[in-house]
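Following: one structure in structure tokens, then a few remarks.
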Amino acid sequence: MTTDAAPVSVILGHSPGDLREIAAIEGERLLDALLRAQAPIISVCGGRACCGGCRIRVETAWRDRLIPPGRSEARLLPHLHDPHEDDRLSCQIELAAALDGLTVHIVPKKVKPPRETVQSTTGEIE
Amino acid sequence: MTNVALKPNLEDVGAAFTVEKMLFVRDRTRRAIHAIAARVTPGMVEEDAVEMAKDLLAGLDMIKGWHDVYVRFGSNTLKTFGAPSDPGVILGENDLFFIDIGPVWQDWEGDGGDTFIVGSNAEMARCAADARKLFHIVRKKWTQTGLSGKGLYDFATAEAEAMGWELNLDLSGHRLSDFPHAAVYDGPLAEIDFRPSPLLWVLEIHIRDRDRKFGAFFEDMLLDDSYFAP
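Same order as they appear, the protein sequences are chains E and W.
1 is the number of the first residue of the first sequence in my numbering; add one for each residue after it.
127 is the number of the first residue of the second sequence in my numbering; add one for each residue after it.
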């Protein structure tokens, strides 16, 4: 991070009407800006696009202004709970001046079901 | 090295933790490792094997992981956890590779690793077999004694040396739980000063030949003999 990098503002929404501005800089990962602002996300895998803990939901108007997901991110996103076409992993988004005002939302936490009997609902392993 | 001794805290689990689910994911993880290995062939480039492994895991709804997917070929088997592989390594006709995956299935973490041989290099075969053998020697020690995590890895280091290998202590075990175990403790098993409880910890064994040409890896949960094939 250099001191002459251009500032970038990110707008973070926790819920409808609850928006706040986060100061970031060009070249920074969105993940790092969100963690610095103590947004309720986690990064277990260290930004390798495999844990999904840093997922955010991009305001639809901004979706096509981001570089599209790479193969790893695109492969993971449909496997996270309650997937949505506006979802992205914040570890994979590098902030640029053109993204000043980028608006993202926290994805609601999964409501965990009560304990149940173990059963496979997915593909068999051969 | 600072030792950690607060057993009750370090062995906490989350609200979703159940014995049955942890064992269920363990089984899926081990079977996935062997399914990946069955699709690896000589002539394959390591990067393609990693993509194949990820595609396979995605098909099993196990692509979410608490760590990345590793398939390491040849000299890259010397690399420690998280280190980038040298690019473009091709699996030879007489070679070895290891797989290390940490999938999260629904709310539960799995973790497993194993090494596989292609062709007939006797030293590579011995290395792969010894990684597995050392895992069980250390695990048996755990079942028979009250050794701490630190004690187990001191023992493993000496045993590896007696076998003629170097043990990589950068891969020295860790917690496993309902996702994410890192919220409880993300440090190594080798730094705890108490006897680790079953089902909550993973024992990792990464050995390297002394000429640093190749290595072998094996990991699984700390469990008693009844959970392993004779």
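Quick reminder that beta carbons are idealized off the backbone N, C-alpha and C, glycines included.
Query raised in the report: Quick one: which chain E residues come within Cβ less than 9 Å of residue 193(W)?
Result: For a Cβ distance threshold of 9 Å, residue set 44, 45, 46, 48, 50 and 51 of chain E lies close to residue 193(W), ordered along the chain.
Query raised in the report: In three-state DSSP terms, what is residue 344(W)?
Result: DSSP, reduced to helix, strand and coil, places residue 344(W) within a strand of the structure shown.
Query raised in the report: Under three-state DSSP, which class holds residue 181(W)?
Result: Under the three-state reduction of DSSP, residue 181(W) is assigned to helix.
Query raised in the report: Is the closest heavy atom of the ligand ATP to the C-beta of residue 263(W) under 6 Å?
Result: Within the structure as shown, the ligand ATP is missing, as the structure has no ligands at all.
Report task. Drop a sphere of 10 angstroms on the beta-carbon of residue 73(E), count the other beta-carbons inside from all chains shown, and report buried for 16 or more, exposed for fewer. Result -> With 16 or more other Cβ atoms from the protein chains shown falling within 10 Å of its own Cβ, residue 73(E) counts as buried.
Query raised in the report: Does the beta-carbon distance from residue 275(W) to residue 322(W) come in below 7 Å?
Result: Taking C-beta atoms as the reference points, residue 275(W) and residue 322(W) count as a pair closer than 7 Å.
Requested in this report: Excluding the 5 residues preceding and the 5 following residue 66(E) in the sequence, name in chain order all residues of the same chain whose CB lies nearer than 7 Å to its CB.
Outcome: Cβ within range, chain order: 58, 88 and 93.
Query raised in the report: Where do the ends of the beta strand (DSSP E) carrying residue 103(W) lie?
Result: Coverage of chain W is limited to positions 127 through 356, which leaves residue 103(W) absent and any answer about it impossible.
Query raised in the report: Since residue 304(W) contacts residue 140(W) with CB under 8 Å, what's their CB separation in whole angstroms?
Result: Confirmed, about 4 Å.
Query raised in the report: With DSSP run on the structure shown, which of helix, strand or coil describes residue 7(E)?
Result: Strand, per DSSP.
Query raised in the report: Helix, strand or coil: how does DSSP classify residue 305(W) here?
Result: Coil at residue 305(W), not helix or strand.
Query raised in the report: If you draw a straight line from the alpha carbon of residue 18(E) to that of residue 196(W), how long is it in whole angstroms?
Result: Residue 18(E) and residue 196(W) have their C-alpha atoms some 40 Å from each other.
**Report entry** Proximal chain E residues relative to residue 306(W), where beta-carbon distance stays under 8 Å
**Finding:** Result: 42, 44, 51 and 53.
Report task. Can you check the segment 211-242 of chain W for any beta strand (DSSP E) of at least 3 residues that lies completely inside it and give the ranges in chain order? Result -> Entirely contained in the segment 211-242 of chain W, the beta strand (DSSP E) runs reaching 3 residues are, in chain order, 221-227.
Query raised in the report: Helix, strand or coil: which one does DSSP assign to residue 320(W)?
Result: Reduced to three states, the DSSP call for residue 320(W) is coil.
Query raised in the report: Can you tell me the Cα-Cα spacing of residue 308(W) and residue 296(W), whole angstroms?
Result: Each residue's alpha carbon lies about 17 Å from the other.
Query raised in the report: When you compare only the Cα positions, how much space is there between residue 270(W) and residue 54(E)?
Result: If I take the Cα positions, the gap works out to 42 Å.
Query raised in the report: Using the beta-carbon count (16 or more within 10 Å), is residue 180(W) buried or exposed?
Result: Flag for residue 180(W) reads buried.
**Report entry** Partners in chain E for residue 184(W), counting only beta-carbon separations shorter than 7 Å
**Finding:** By Cβ distance, chain E contributes 75 and 79.
Query raised in the report: In or out: residue 6(E) buried (at least 16 other Cβ within 10 Å) or exposed?
Result: Burial call: exposed.
Query raised in the report: Which term fits residue 189(W), buried or exposed, when burial requires 16 or more other beta carbons within 10 angstroms of its beta carbon?
Result: In this structure residue 189(W) is buried. Its beta-carbon is surrounded by 16 or more other beta-carbon atoms within 10 angstroms.
Query raised in the report: So with Cβ pairs under 7 Å, would you call residue 11(E) a contact of chain W?
Result: No, its Cβ sits nowhere closer than 7 Å to a Cβ of chain W.
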